[in-house]
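Novice: Got a structure for you, written out below as structure tokens; questions coming shortly.
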Amino acid sequence: ARLRLERAGAIVFKDASANKGGVTSSSLEVLAALAFTDEEFAEHMQVTEDNIPSFYQNYVKEVQDIIERNAQLEFEALWREHQRTRTPRSILSDELSLAIVKLNENLQHTSLWNNVPLRKGVLEEAFPKLLQKQIGLQTLMQRIPENYVRAIFGSFLASRFVYKYGTEPSQFAFFEFMTPYFSKIQ
């Protein structure tokens with residue numbers, strides 16, 4: 001049905017692209033729960049009848065900003081890829097997701113992860129700023145299970161790369177993409 005609508009001229013964005021806000025919101029709530037001690041979580045994130053912690057209010061705003069930014073990046077990538085290939089957006093949505101998942105899996109098991117200054121630089125961009133300000137990057141990396149941190153590292157780089165370079169990048173695109181990260185750590 002989506003393809004038929006697109007062939008008729010309708011602009012259709014698949015639910016997989018349009019509904020990521022809930023997944024992002026849930027993931028960032030889990031991240032906060034993993035990052036804080038039980039006491040810190042109760043103080044900063046637990047809403048009661050008489051109290052909505054200011055950290056919680058600000059964190060919700062940051063999560064909304066992250067969702068908006070991710071949606072903008074995905075929209076721009078889908079639009080650009082459609083203009084380039086004329087492939088229906090509903091198919092491109094699957095292709096973008098698959099490219100991100102595959103690159104994420106590969107990145108988590110490369111030597112990039114072992115480059116600690118690079119890892120920190122990527123995670124500084126990937127972790128919510130309020131959590132970093134409240135707890136510190138080093139504490140976040142210590143408290144959050146490594147497999148979760150690896151997933152954040154890989155998915156952040158993979159999504160940003162695919163959103164910028166599309167599903168069929170040149171052979172040198174990843175090198176070009178990573179150059180600013182390596183420049184920061186030298």
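Residue numbers for the sequence shown, in full-length UniProt numbering: 1 to 186.
By construction, the Cβ of each residue, glycine as well, lies at the ideal position given by its N, Cα and C atoms.
Computed from a prediction, not measured in an experiment: that's the story for all the values here.
Alpha carbon to alpha carbon, how far is valine 63 from asparagine 114? Give it in angstroms, no decimals.
Specialist: One-based indexing of the sequence shown puts residue 114 at position 114. One-based indexing of the sequence shown puts residue 63 at position 63. Approximately 28 Å, taken between the alpha carbons.
Novice: Are the region 94-101 and the region 155-165 in contact at 8 Å, needing three or more beta carbon pairs?
Specialist: With a cut-off of 8 Å, the region 155-165 and the region 94-101 count as touching, because enough Cβ pairs lie within range.
Novice: Could you pull out every residue in the same chain whose Cβ sits closer than 6 Å to the Cβ of alanine 173, ignoring the five residues on either side in sequence?
Specialist: Taking the sequence shown and counting its residues from 1, the one referred to as residue 173 is at position 173. Answer for alanine 173: Tyr165, listed in chain order.
Novice: Do the region 124-133 and the region 55-69 meet, that is, are 3 or more Cβ pairs less than 8 Å apart?
Specialist: They touch, by the three-pair rule.
Novice: Quick one: what's got a C-beta closer than 8 Å to alanine 151's C-beta in the same chain, skipping five residues either side?
Specialist: Walking along the sequence shown from the start, residue 151 turns up at place 151. Contacts found: Asn104, Gln108.
Novice: Would you report the Cα separation of lysine 133 and phenylalanine 177, rounded to the nearest angstrom?
Specialist: Sequence index remark: in the sequence shown, residue 133 carries index 133 (1-based). Sequence index remark: in the sequence shown, residue 177 carries index 177 (1-based). Near 27 Å, if we compare the C-alpha coordinates of phenylalanine 177 and lysine 133.
Novice: Is arginine 86 buried or exposed, if buried means 16 or more other CB atoms sit within 10 Å of its CB?
Specialist: By 1-based counting over the sequence shown, the position of residue 86 is 86. Exposed: under 16 other Cβ atoms inside 10 Å.
Novice: Pick from Val122, Tyr56, Thr24: whose alpha carbon is nearest that of phenylalanine 153?
Specialist: The sequence position of residue 153 within the sequence shown is 153, counting from 1. Among Val122, Tyr56, Thr24, the Cα nearest to that of phenylalanine 153 is on Val122.
Novice: Distance check for arginine 119 and alanine 71, CA to CA, integer angstroms please.
Specialist: For the purposes of this step, residue 71 is taken as residue 71 along the sequence shown, with counting starting at 1. For the purposes of this step, residue 119 is taken as residue 119 along the sequence shown, with counting starting at 1. The alpha-carbon atoms of alanine 71 and arginine 119 are separated by roughly 24 Å.
Novice: Which runs of the alpha helix (DSSP H) spanning at least 4 residues fall entirely within the region 48-87, listed in chain order?
Specialist: DSSP runs (the alpha helix (DSSP H)) wholly in the region 48-87: 54-85.
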